[in-house]
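Here this note's numbering = 1-based position in the sequence shown + 269. Every residue gets a Cβ at the ideal spot worked out from N, C-alpha and C, and that includes glycine. Nothing here was measured: the structure is a model prediction, and the numbers come from that model.
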Amino acid sequence: MQKPIENATPATATPLPPKPTCAQEPVNKPAVWPFAAPAAAKLQTTVRPWGARSLPERAIVKHLEKMAPAFTPAEELAIAELLIGGNKIEVVALRLEVQGSLALARWKAFLCVEVLGEKGKPSMDGQQRLLAAVRYGKDTAA
Numbered sequence: 270m271q272k273p274i275e276n277a278t279p280a281t282a283t284p285l286p287p288k289p290t291c292a293q294e295p296v297n298k299p300a301v302w303p304f305a306a307p308a309a310a311k312l313q314t315t316v317r318p319w320g321a322r323s324l325p326e327r328a329i330v331k332h333l334e335k336m337a338p339a340f341t342p343a344e345e346l347a348i349a350e351l352l353i354g355g356n357k358i359e360v361v362a363l364r365l366e367v368q369g370s371l372a373l374a375r376w377k378a379f380l381c382v383e384v385l386g387e388k389g390k391p392s393m394d395g396q397q398r399l400l401a402a403v404r405y406g407k408d409t410a411a
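Structure below.
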C-alpha cells in the first residue's frame, strides 16, 4: 500500500479558450513559416531562368555556350529550325548567305550526347531539346 503524499495540492487544469464562432474573427497565422530561410523566398530565376528547362536541355545550352561564336543566336536558330524541318544544307546556306560547309559544320557541332539517339543520329526527342535550347539561347542573348 502506498501512502498518500502529504502537502500535495490537487492538480487544476487551466481552461482552454473557447473556439471562435462565425461572428468572431479567426486567429491570424503568419504568412511565412517562421523557420523559412530568407533566400528561399527569393526566386532563383533572376540570373538564369532555368525553370522551364529539363536537365538535357540545360546540358545542351551549356554545350552551345562553349562553342565559338561563329554565328549569331538567331542564325543558329535558323540552322536548327531549317534542318530539323527537313530542308537540305544548301537551302540553309542560301538562306543565311554562308558556305554550305560552314552551316554543316555548325550543325555537326550542335550534335552532343543529349541530341543523338542510339544509332548516332539525332533522335526526335533530341531534336526537340535542341530547338528548345537554341531558342533559349536566342531569347537570353545579351
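So what does residue i bridge to, in DSSP terms?
i	result
residue 391	385
DSSP on residue i, reduced to helix/strand/coil?
i	result
residue 334	helix
residue 367	coil
residue 321	coil
residue 313	Low local confidence applies: a pLDDT of 47 at residue 313 is under 50, so the model's placement there is unreliable, with the coordinate-based value given in what follows. Of the three classes helix, strand and coil, the one that applies to residue 313 here is helix, per DSSP.
residue 373	helix
residue 342	helix
residue 420	The chain is shown only over 270 to 411; residue 420 falls outside these bounds and no answer can be derived.
For residue i and residue j, I'd like the C-alpha separation in whole angstroms.
i	j	result
residue 323	residue 410	19 angstroms
residue 406	residue 395	16 angstroms
residue 337	residue 352	20 angstroms
residue 334	residue 359	26 angstroms
residue 386	residue 380	10 angstroms
residue 340	residue 408	15 angstroms
residue 400	residue 390	16 angstroms
residue 370	residue 329	22 angstroms
residue 404	residue 388	26 angstroms
residue 393	residue 357	18 angstroms
residue 398	residue 368	26 angstroms
Taking all protein chains shown into account, do 16 or more other C-beta atoms lie within 10 angstroms of the C-beta of residue i, making it buried, or fewer, making it exposed?
i	result
residue 363	exposed
residue 383	buried
residue 315	Confidence in residue 315 is poor, its pLDDT being 46 and thus under 50, which makes the residue's placement unreliable; the coordinate value appears in the next sentence. Burial call: exposed.
residue 325	buried
residue 345	buried
residue 402	buried
residue 374	exposed
residue 285	exposed
residue 349	buried
residue 313	Since pLDDT at residue 313 reaches only 47, below the 50 mark, its modelled position is unreliable, and no value is offered.
residue 262	The structure shown does not extend to residue 262, since the chain is modelled only from 270 through 411, so no value can be given for it.
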